[in-house]
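Enquirer: In the numbering used here, each residue carries its 1-based index in the sequence shown increased by 583. One structure, pasted below without further comment.
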Amino acid sequence: MTLTQRLYWNTSKHGTLPSEIGSLTNLKTFGVYWNRFNGTIPSEIGMITALTNLELDGNAFTGKLPSEIGMLTKLNVLWLTKNDIAGTVPTEIGFLTNLYGLYIGGNAFTGKLPSEIGLLTKLTKLELKDNYFTGTVPSEIGLLTKLEVLGLHDNALSGNLPSQIGLLTQLNNLGLNGNHVLTGNLPSQIGLLTTLSFLGLYDNTFNGSLPSEIGLLTKLNVFALSNNLFTGSLPSEIGLLTTLNYLGLYDNSLTGSLPSEIGFLTKLTIVALSGNYFTGSLPSWIVSLTTLSFLGLYDNVLTGSIPSKIGLLTTLNRLYLNDNALTGSIPSKIGLLTTLNILYLNGNAFTGSLPSEIGLMNKLNDLIFYENAFTGRLPSELGSLINLFYPLDFTRNDFSCPIPQEIYFYESDICEITDANDFLETSATNNTTRNLTYLGSNITTTNSALEGSVDSLSSETTP
C-alpha cells in the first residue's frame, strides 16, 4: 500500500485540517486520532471518495459534521469520538451503506437521531453515547439486524423503547442508560435478544412491570435497571439468568417478596435491590450466592432474621441491610465474613447482644448499628476493629454498662447520659475515645459507585 493510500498522523499534531486534504483522492485510510487538531472538518473531505477508514477521534474538532460526509460511500469505519462536534447528524449519513462501525460518541451532537440510520444495514457497532440527542429512539433501528453493540446512553432521548428492538437478534450490548426521560413499559420483544450479555437501562423513567420474557436472556452478565419507576414483583423467570454477575434494580418501586429463584444465580457478584418496597422475610437463599462481593437490600420492608449461615458468604465486601424491619439476633457466624469492609445494620429491630465474633472482621472500615433494640454489653472485641474510618455510633439501642475499656478509654460514667445530643457533647468535652461518635457516612455514594462498576462491566464499544 502506498503512502497516498494510507495516511496516519498520530504524533501530537495540532492546528486545523487544510482543505487541500481533498486532493488526496487515492486515500483509503486517513487517521489523525488522538492529536490536537481543532477547527471544523473541511467539507473537502467528501472528495476522498476512496476512503474506507476515517479516524478523527480524540481531537478538538468543532462545528458541524459536513453533509459531504455522505459522499464517502466506500467507508467501512467512521471514528469521530471524543471531539466537540455539534449540530445535527446530517441525513446524508444514510448514504454510507458500507459502514459496519459508526462511532460518534463523546461530542455535542443535538437533535433527533436521523431515521436514515436505518439504511446502514451492515452496521455491527453503533455508538452514539455521550451527546445531546433528543427525541425518540427511531423504529428504523430495527432494520440494523447485524448490530452487536448499540450505545445510545447518556443522551436526552425520550419516549418509549420501540418494539422493533426485538429484531436486533445479534445484539450483545445494549446501553440506553442515563437518558433520564426514556419511559413506558419494557416491550416484551426484549426477550428476543437472546445473545445479549449487557443490558443497561438505568437512570431513566421506564415503568410498569418487568416482562417475564427477560428470563429468555440466558446469556446476560449484567442486568442494570436501577433508578427507574418499575413496579410489581420480580418475575420468577429471573432465576433462568444463570450467567448473571450483576443484578441492579435499586431505586425503583418494586414490591412483593424476593423470588427464591434468585438463589439459582450462583455466579452473582453484585446484588443491588435497595430502595424498593420488597416485603417478606430476608431470604435464606442468599447464602447460596457464595461469590457475592456486594449485597445491598437496604431501604425496603424486609422482615425476619439474618440467616444463621450468613458466614458462607466469605467473599462479601459490602453488606447493606439497614432501614428494613429485620428482627432477631445477629448470628455469630457473621464473624466469618473476614473480607467485609462495610456492614450496615441500622434502622431495624434487631435484638439481643452484639456477637463478639464481630471483632474477627478486622477489615471493616464502616460498621453502623444504631437505631435497633440491641441489649447487653458491647463486646470488648470491638476494640480489635482498628481499620474503621468512622467512630462507632451505637445510640438508640439499649446497651448496658459498663463500656468496655478496650473500646473507649473512658473515665466518666457515660452510661448516665441518655440524650444523644448530650452524649455527643459530653464525649467531645472529655476527649475520651477514638470510637465514640458517629461522624456520618454518605450511603448515597453507594449507588453512584455501583453505576461506575456497571459502566466498567459493559463491554467496550471500541476495539
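Note that CB positions come from ideal geometry on N, CA and C, so glycine has one too.
For Ser915, which residues from the same chain have a beta carbon less than 7 Å from its beta carbon, with the 5 sequence-adjacent residues on both sides left out?
Expert: Contacts found: Pro938 and Glu940.
Enquirer: What's the C-alpha gap between Gly846 and Ser912?
Expert: Using only the alpha carbons, I get a separation of about 23 Å.
Enquirer: Quick check on Ala691: buried or exposed, where buried means 16 or more other Cβ atoms within 10 Å of its Cβ?
Expert: Answer is exposed; the Cβ neighbour count stays below 16.
Enquirer: For Leu655 and Leu682, what's the separation of their Cα atoms in angstroms?
Expert: Answer to the nearest angstrom: the Cα atoms are 10 Å apart.
Enquirer: According to DSSP, what are the bridge partners of Asp949?
Expert: Looking at the DSSP assignment, Asp949 forms a beta bridge with Ile925.
Enquirer: Give me the residue from Thr934, Ser843, Leu706 and Gln772 with the minimum Cα distance to Gly684.
Expert: Ranking the options by Cα distance to Gly684, first place goes to Leu706.
Enquirer: Closer than 8 Å by C-beta to Asp996: which residues in its own chain qualify, once you throw out the five before and the five after it? Chain order, please.
Expert: Summary for Asp996: the model assigns pLDDT 36, below 50, so the residue's position carries little reliability, and this model does not support an answer.
Enquirer: Which ranges does the alpha helix (DSSP H) cover as unbroken runs of at least 4 residues, wholly within the segment 606-675, from first to last along the chain?
Expert: List check, alpha helix (DSSP H) in window: nothing returned.
Enquirer: Which residues in the same chain as Ser602 place their Cβ atom closer than 7 Å to its Cβ, once the five residues preceding and following it in sequence are excluded?
Expert: Correct list, in chain order: Pro625 and Glu627.
Enquirer: What residue from Leu919, Tyr953, Asn609 and Leu812 has the CA that sits closest to Asp981's CA?
Expert: Closest by alpha carbon: Tyr953.
Enquirer: Only counting the same chain, and skipping five residues up and downstream in sequence, which positions put a Cβ closer than 6 Å to that of Gly605?
Expert: Same-chain partners within the cutoff: Glu627 and Met630.
Enquirer: Hey, quick one: how far does the beta strand (DSSP E) through Glu710 stretch, first residue to last?
Expert: That run of the beta strand (DSSP E) goes Lys708 to Glu710.
Enquirer: Give the DSSP-derived three-state secondary structure of Ser816 in the structure shown.
Expert: Three-state result, Ser816: coil.
Enquirer: Closer than 8 Å by C-beta to Thr825: which residues in its own chain qualify, once you throw out the five before and the five after it? Chain order, please.
Expert: Hits under 8 Å: Thr801, Phe847, Leu848, Thr849 and Lys850.
Enquirer: Rounded to the nearest angstrom, what separates Asp667 and Lys611 at their Cα positions?
Expert: Each residue's Cα considered, the two are about 25 Å apart.
Enquirer: Grab the span of the beta strand (DSSP E) containing Ile990 for me, first residue to last.
Expert: First-last for Ile990: Gln988 to Tyr991, but that is the alpha helix (DSSP H), not the beta strand (DSSP E).
Enquirer: So what does DSSP say about Ile941, is it helix, strand or coil?
Expert: Helix.
Enquirer: What first and last residue would you give for the beta strand (DSSP E) that runs through Tyr715?
Expert: Per DSSP, Tyr715 belongs to the beta strand (DSSP E) from Tyr715 to Thr717.
Enquirer: Locate the beta strand (DSSP E) running through Gly839, then write down its first and last residues.
Expert: It spans Ser836 to Ser840 - the beta strand (DSSP E) in which Gly839 sits, taken as one unbroken run.
Enquirer: What did DSSP end up calling Lys695 once you bin it into helix, strand or coil?
Expert: Strand.
Enquirer: From the DSSP output, read off the bridge partner residues of Ala807.
Expert: In the DSSP output, where bridge partners are listed per residue, Ala807 has Gly783 and Gly831.
Enquirer: Does any CB atom of chain C fall closer than 8 Å to the CB of Leu937?
Expert: This model lacks chain C altogether; it includes just one protein chain.
Enquirer: Based on Cα-Cα distance, which residue from Phe781, Ile821, Asn929 and Asn787 lies nearest to Pro794?
Expert: Answer by Cα proximity: Ile821.
Enquirer: Classify Asn738: buried if its beta carbon has 16 or more other beta carbons within 10 angstroms, exposed otherwise.
Expert: Per the 10 Å Cβ criterion, buried.
Enquirer: Is it buried or exposed, Lys695, if we count other Cβ atoms within 10 angstroms and call 16 or more buried?
Expert: Classification of Lys695: exposed, given that the 10 Å Cβ count is below 16.
Enquirer: At what residues does the beta strand (DSSP E) containing Thr849 begin and finish?
Expert: Counting along the chain, Thr849 falls outside any beta strand (DSSP E), and DSSP gives it neither H nor E.
Enquirer: Can you tell me where the beta strand (DSSP E) holding Phe957 begins and where it ends?
Expert: That run of the beta strand (DSSP E) goes Ala956 to Arg960.
Enquirer: With DSSP as the reference, please indicate the residues paired to Asp737 in a beta bridge.
Expert: Beta-bridge pairing links Asp737 to no other residue.
Enquirer: Excluding the 5 residues flanking Thr645 on each side, which residues of the same chain have their C-beta closer than 8 Å to its C-beta?
Expert: The residues are Asn621, Gly622, Thr623, Asn666, Asp667, Ile668 and Ala669.
Enquirer: Assuming Gly930 contacts Asp906 under a Cβ cut-off of 8 Å, what Cβ separation, rounded to an integer in Å, is found between them?
Expert: Between Asp906 and Gly930 the Cβ distance is about 4 Å, and since that is below 8 Å, they are a contact.
Enquirer: When the Cα atoms are used, what is the spatial distance from Glu994 to Thr934?
Expert: In this prediction, Glu994 has a pLDDT of 32, which is less than 50 and means its spatial position is unreliable; what the coordinates show is noted afterwards. The alpha-carbon atoms of Glu994 and Thr934 are separated by roughly 28 Å.
Enquirer: Buried or exposed, going by whether 16 or more other CB atoms sit within 10 Å of the CB of Thr664?
Expert: Thr664 should be labelled buried.
Enquirer: For Pro974, which option in Leu744, Pro987, Leu950 and Ile889 has the closest C-alpha, if you only look at C-alpha atoms?
Expert: Nearest of Leu744, Pro987, Leu950 and Ile889 to Pro974, Cα basis: Leu950.
Enquirer: Quick one: measure Cβ to Cβ for Thr674 and Pro697, integer angstroms, because I've assumed they're closer than 8 Å.
Expert: Indeed, because the Cβ distance is near 5 Å, the residues count as touching under 8 Å.
Enquirer: Starting from Ser792, follow the beta strand (DSSP E) in both directions and report where the run begins and ends.
Expert: Here Ser792 belongs to no beta strand (DSSP E), and DSSP marks it neither H nor E.
Enquirer: Would a C-beta distance cut-off of 8 Å place Leu830 and Gly863 closer than the cut-off?
Expert: Result no, Cβ atoms of Leu830 and Gly863 do not sit closer than 8 Å.
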